[in-house]
Each structure stands twice: as C-alpha cells, then as structure tokens.
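To keep things clear, I will list the structure first and then write my remarks on it.
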Amino acid sequence: QQQVKQSPQSLIVQKGGISIINCAYENTAFDYFPWYQQFPGKGPALLIAIRPDVSEKKEGRFTISFNKSAKQFSLHIMDSQPGDSATYFCAASYGYTSGSRLTFGEGTQLTVNP
Amino acid sequence: DTAVSQTPKYLVTQMGNDKSIKCEQNLGHDTMYWYKQDSKKFLKIMFSYNNKELIINETVPNRFSPKSPDKAHLNLHINSLELGDSAVYFCASRGANEKLFFGSGTQLSVL
Chain A
7 QQQVKQSPQS
17 LIVQKGGISI
27 INCAYENTAF
37 DYFPWYQQFP
47 GKGPALLIAI
57 RPDVSEKKEG
67 RFTISFNKSA
77 KQFSLHIMDS
87 QPGDSATYFC
97 AASYGYTSGS
107 RLTFGEGTQL
117 TVNP
Chain B
42 DTAVSQTPKY
52 LVTQMGNDKS
62 IKCEQNLGHD
72 TMYWYKQDSK
82 KFLKIMFSYN
92 NKELIINETV
102 PNRFSPKSPD
112 KAHLNLHINS
122 LELGDSAVYF
132 CASRGANEKL
142 FFGSGTQLSV
152 L
C-alpha cells in the first residue's frame, strides 16, 4: 500500500524557473512531512520539513506548501539552478517514538537546464 | 569525519553467496535503519534498531539478518543471495526532530 504518492516522476526546468513537486498522503495520523534531496552516488539528505500546524515553510529558495484538508503538500524551488538537479523525495511519518518510520514517495528526477 | 559510513561502497557477487554490509554512525544516535532503494529509486524501510534492540522488521525475507553489536553499529547480513536482491542499500540514523542521516549507500549487484 503506497501511503505517499508523488508526482511528477520527472521534471525538466530551465535555469531561473520554478520547480514544483507534489505529494499526496492517505494516513491522517501523519504529522511530519520532510523533503529529501539525493544526488547520484549519495544518500538522501534532508532539505526541508514541515509539521501540519503551519501551511507554509520557507528556507532560502525552497518552500513547502501544506494543505491539511486536501492531504497534500508540495515543494517549490524558486530560481532553479543546474546544481539543484537531483532526485527529490517527499516523505511522511507520525509519532516521534523509536518505532516511527518515514514512508517515502516514489521520487522525482529534477533536471535544471542551463 | 563521515557521520554515517557504510562499507563496502560496491558489492558484486554470485547468486547463492552470503555477504555482509557494515554501517557505523558517530553521531551518538540511538535509532538506526536499513533502507533498500530499487532500480526505480523507490526507498523502502527494511529494519530499525533502537539502542541495539530490533524495533521494525518489515516484510523482508529471513535471508536478511540485521545485527547491532552496539548502538553505533548496524550491520546487514544476507544469505543465499538472489538476483532480486540487487539494489542500493542505505544505512541511516535518526537524530533530533526526526531528521535521518543517510550513509552513501552500498550498491549490491548479484550476478
């Protein structure tokens, strides 16, 4: 059962453009929604995260928008740069205990053309 | 000074062999994980340990056996390797605010 669905699978954007990746979740118990960035040959690294008590969080060029009623959240990358080319994963989890686990979306391959 | 280090980086082996992947974290975290990333890059949790105790054991063939000798180490042993085991295996540890720190992965190729 895929609890976090991510789209699009791949995305090509021109330098300076806005990249938008969307995720939808099913489990209303989820209370933590991070985005991870993965470069080839490397492990995923936390980019930005949000909790459902806010509708938006911004860190530099990266913004998460969160819609609790629609059970959706998205990553916006402003002024996209070639160095942003990577695979992006949304994820969700609930309950900060030793048994909590992150459920990942399928990933989005972002290519930013110069 | 790598926070989460796993070895080897690449592992090429024949079907039926037994192999191990080692993972160490120097972050002082209590909780560690093994994730499997398939050819489509989908990340799926396999196991989780908290302070040497097995907490999460997803539906993984019992050919896969994790072992945690102490809270800084979580190794993965795989018996009787099959073609379908080919993937990238990531070790991770969990820090404050649920942030996961991943190793750089072990690319396993079963021939």
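As given, the protein sequences belong to chains A and B, one line each in that order.
Just so you know, we're using our numbering here: the first sequence kicks off at 7 and counts up by one.
Just so you know, we're using our numbering here: the second sequence kicks off at 42 and counts up by one.
Just so it is clear, CB atoms sit at the ideal spot from N, CA and C, and this is done for glycine as well.
Only a predicted model underlies this, so the values are computations on that prediction, with no experimental measurement involved.
Worksheet item: Cβ of Ser-89 of chain B less than 8 Å from any chain A Cβ?
Response: For Ser-89 of chain B, the nearest CB of chain A lies under 8 Å from its own CB, placing it at the interface with that chain.
Practice prompt. Just the chain A side, please: which residues come within less than 8 Å of Leu-84 of chain B by C-beta, in chain order?
Written response: Chain A residues near Leu-84 of chain B: Pro-50, Phe-95, Phe-110, Gly-113.
Worksheet item: Three-state secondary structure (DSSP) at Asp-126 of chain B?
Response: helix
Practice prompt. Starting from Arg-107 of chain A, find everything on chain B with Cβ-Cβ shorter than 7 Å and list it in chain order.
Written response: The answer, in chain order, is Ile-86, Ser-89, Ile-97.
Discussion item. Tell me the rounded alpha-carbon separation between Gln-78 of chain B and Leu-116 of chain A.
Written reply: 18 Å
Practice prompt. Would you identify the three-state DSSP class for Pro-46 of chain A, choosing helix, strand or coil?
Written response: coil
Worksheet item: Hey, how far is the Cα of Asn-92 of chain B from the Cα of Asn-119 of chain A?
Response: 45 Å
Worksheet entry | Residue burial classification, Met-84 of chain A (beta-carbon count within 10 angstroms, cutoff 16) | exposed
Worksheet entry | Nonlocal neighbours in the same chain, by C-beta distance under 7 Å from Ser-57 of chain A, ignoring five residues either side | The displayed chain sequence assigns Arg, not Ser, to residue 57 of chain A. Result list for Arg-57 of chain A: Asp-37, Tyr-38, in chain order.
Item to complete: Provide the residue(s) that pair with Met-73 of chain B in DSSP beta bridges, ordered along the chain.
Response: B:Tyr-90, B:Ser-134
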